[in-house]
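Undergrad:
Residue numbers (the working numbering): 682 to 888.
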């Protein structure tokens with residue numbers, strides 16, 4: 682049975698377009714997004730722009746201060762170090778819990794990442810990268826672990842924009858994640874934890 686397609690609102694379409702540009706790095710950190718300019722660029726009304734920007738602010742991909750335009754926040758190296766300081770123990774818990782198991786959702790995200798065309802926007806790699814790690818966290822079965830990890834999602838996604846310069850060859854990104862999933866599936870727990878720690882340290886520029 683074919684399900685009917687759900688129409689995409691103008692607000693949703695604009696939010697999707699801006700989200701893709703932010704996560705591809707096309708709109709770099711520190712850039713402001715004045716409502717009037719966006720309205721003129723996309724040929725939409727300012728209330729539509731305001732609502733689309735509000736969605737991205739809610740997602741944490743933009744910030745907005747009173748009486749100022751929304752802007753893309755900067756994720757500094759110091760921010761990344763602190764983000765990894767908090768993420769590492771969460772990923773360590775995940776690795777220990779999943780050692781010896783395959784996670785179909787994570788494998789599916791990896792397959793989608795591998796299937797991306799060479800000219801696909803970086804935002805699509807970011808989406809699959811996040812989907813892979815989130816599938817691993819969800820597979821643990823701990824709602825509290827999911828909530829803690831989810832609280833870091835926006836900063837993690839913005840941080841992944843920086844990895845575009847590290848992974849100019851996306852096959853390397855795919856290979857690293859394939860090795861990571863293999864290490865978790867093969868176990869034992871100590872080896873799975875070590876693989877996750879090494880992956881985070883390498884991909885995020887840790888020691």
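Ideal placement from N, C-alpha and C gives every residue a C-beta, glycine not left out.
Output the distance between the C-alpha atoms of residue 861 and residue 787, rounded to the nearest integer angstrom.
TA: Mapped onto the chain shown, residue 861 falls at position 180. Mapped onto the chain shown, residue 787 falls at position 106. If you take the alpha carbons of residue 861 and residue 787, they lie about 11 Å apart.
Undergrad: Do residue 839 and residue 769 come within 8 Å of each other at the CB atom, strictly closer than that value?
TA: Taking the first residue of the chain shown as 1, we reach residue 769 at position 88. Taking the first residue of the chain shown as 1, we reach residue 839 at position 158. Contact: no.
Undergrad: State the start and end residues of the unbroken alpha helix (DSSP H) segment that holds residue 837.
TA: Indexing the chain shown from 1 puts residue 837 at position 156. Note, residue 837: alpha helix (DSSP H), 834–843.
Undergrad: Since residue 813 contacts residue 858 with CB under 8 Å, what's their CB separation in whole angstroms?
TA: Start at 1 with the first residue of the chain shown, and residue 813 comes out as number 132. Start at 1 with the first residue of the chain shown, and residue 858 comes out as number 177. Contact flag correct, Cβ pair sits at about 6 Å.
Undergrad: Report the rounded CA-to-CA distance for residue 763 versus residue 723, giving the unit in angstroms.
TA: Locating residue 763 in the chain shown gives position 82, where the first residue counts as 1. Locating residue 723 in the chain shown gives position 42, where the first residue counts as 1. Whole-angstrom Cα-Cα distance: 37 Å.
Undergrad: Would you grab the beta carbon distance between residue 874 and residue 781 for me? Rounded to a whole angstrom, and I think it's under 8 Å.
TA: Here residue 874 corresponds to residue number 193 of the chain shown, with the count starting at 1. Here residue 781 corresponds to residue number 100 of the chain shown, with the count starting at 1. Going by Cβ atoms, the distance from residue 874 to residue 781 rounds to 13 Å, so no, they are not a contact pair.
Undergrad: How about residue 714 and residue 751: are their beta carbons less than 8 Å apart?
TA: Start at 1 with the first residue of the chain shown, and residue 714 comes out as number 33. Start at 1 with the first residue of the chain shown, and residue 751 comes out as number 70. Contact: yes.
Undergrad: Would you list the residues sitting across from residue 752 in a DSSP beta bridge?
TA: Working through the chain shown from its first residue, we reach residue 752 at position 71. DSSP output for residue 752 lists 713 and 744 as bridge partner(s).
Undergrad: Please return the same chain residues whose Cβ sits closer than 6 Å to the Cβ of residue 845, not counting the five positions on each side in sequence.
TA: Sequence index remark: in the chain shown, residue 845 carries index 164 (1-based). 706 and 803.
Undergrad: Please confirm whether residue 779 and residue 820 have their CB atoms less than 8 Å apart.
TA: Here residue 779 corresponds to residue number 98 of the chain shown, with the count starting at 1. Here residue 820 corresponds to residue number 139 of the chain shown, with the count starting at 1. Yes, the Cβ-Cβ distance between residue 779 and residue 820 is below 8 Å.
Undergrad: Using only CA atoms, which one of 708, 727 and 709 lies nearest to residue 716?
TA: Taking the chain shown and counting its residues from 1, one reaches residue 716 at position 35. Comparing Cα-Cα distances from residue 716 to each of 708, 727 and 709, the minimum goes to 727.
Undergrad: Residue 737 and residue 806 - do their beta-carbons sit closer together than 8 Å?
TA: Residue numbering aside, residue 806 sits at position 125 when the chain shown is read from its first letter. Residue numbering aside, residue 737 sits at position 56 when the chain shown is read from its first letter. For residue 806 and residue 737, no; Cβs fall outside 8 Å.
Undergrad: Rounding to the nearest angstrom, what Cα-Cα distance links residue 690 and residue 868 in this structure?
TA: Taking the chain shown and counting its residues from 1, one reaches residue 690 at position 9. Taking the chain shown and counting its residues from 1, one reaches residue 868 at position 187. Roughly 46 Å between the two C-alpha positions.
Undergrad: Can residue 753 and residue 712 be called in contact, C-beta distance under 8 Å?
TA: Here residue 753 corresponds to residue number 72 of the chain shown, with the count starting at 1. Here residue 712 corresponds to residue number 31 of the chain shown, with the count starting at 1. In this structure, residue 712 lies closer than 8 Å to residue 753 by Cβ.
Undergrad: What is the residue span of the alpha helix (DSSP H) that residue 693 lies within?
TA: Here residue 693 is taken as the residue at index 12 of the chain shown, counted from 1. Per DSSP, residue 693 belongs to the alpha helix (DSSP H) from 691–704.
Undergrad: Residue 816 to residue 825, Cα distance in whole Å?
TA: One-based indexing of the chain shown puts residue 816 at position 135. One-based indexing of the chain shown puts residue 825 at position 144. C-alpha separation (whole angstroms): 15 Å.
Undergrad: Going by Cα to Cα distance, which pick from 710, 797 and 836 is closest to residue 850?
TA: For the purposes of this step, residue 850 is identified with residue 169 of the chain shown, where counting begins at 1. With distances taken between Cα atoms, residue 850 lies closest to 797.
Undergrad: Measure the CB-CB distance between residue 740 and residue 832 and report whether it falls below 8 Å.
TA: Taking the chain shown and counting its residues from 1, one reaches residue 740 at position 59. Taking the chain shown and counting its residues from 1, one reaches residue 832 at position 151. Going by C-beta atoms, residue 740 is not nearer than 8 Å to residue 832.
Undergrad: Return helix, strand or coil for residue 782, following the three-state DSSP convention.
TA: Numbered from its first residue, the chain shown carries residue 782 at position 101. DSSP places residue 782 in coil when its eight states are reduced to three.
Undergrad: Compute the Euclidean distance between the alpha carbons of residue 718 and residue 878, then round it to the nearest angstrom.
TA: Position 37 of the chain shown holds residue 718. Position 197 of the chain shown holds residue 878. Rounded to the nearest angstrom, the two C-alpha atoms are 43 Å apart.
Undergrad: Among the residues of its own chain, which have a CB less than 8 Å from the CB of residue 686, if the five just before and after it don't count?
TA: Indexing the chain shown from 1 puts residue 686 at position 5. Its pLDDT being 42, under 50, residue 686 is placed unreliably in this model, and the coordinates cannot settle the point.
Undergrad: Under 7 Å Cβ to Cβ from residue 864, same chain only, skipping five residues before and after it: list those, please.
TA: Taking the first residue of the chain shown as position 1, residue 864 is located at position 183. 872, 873 and 876.
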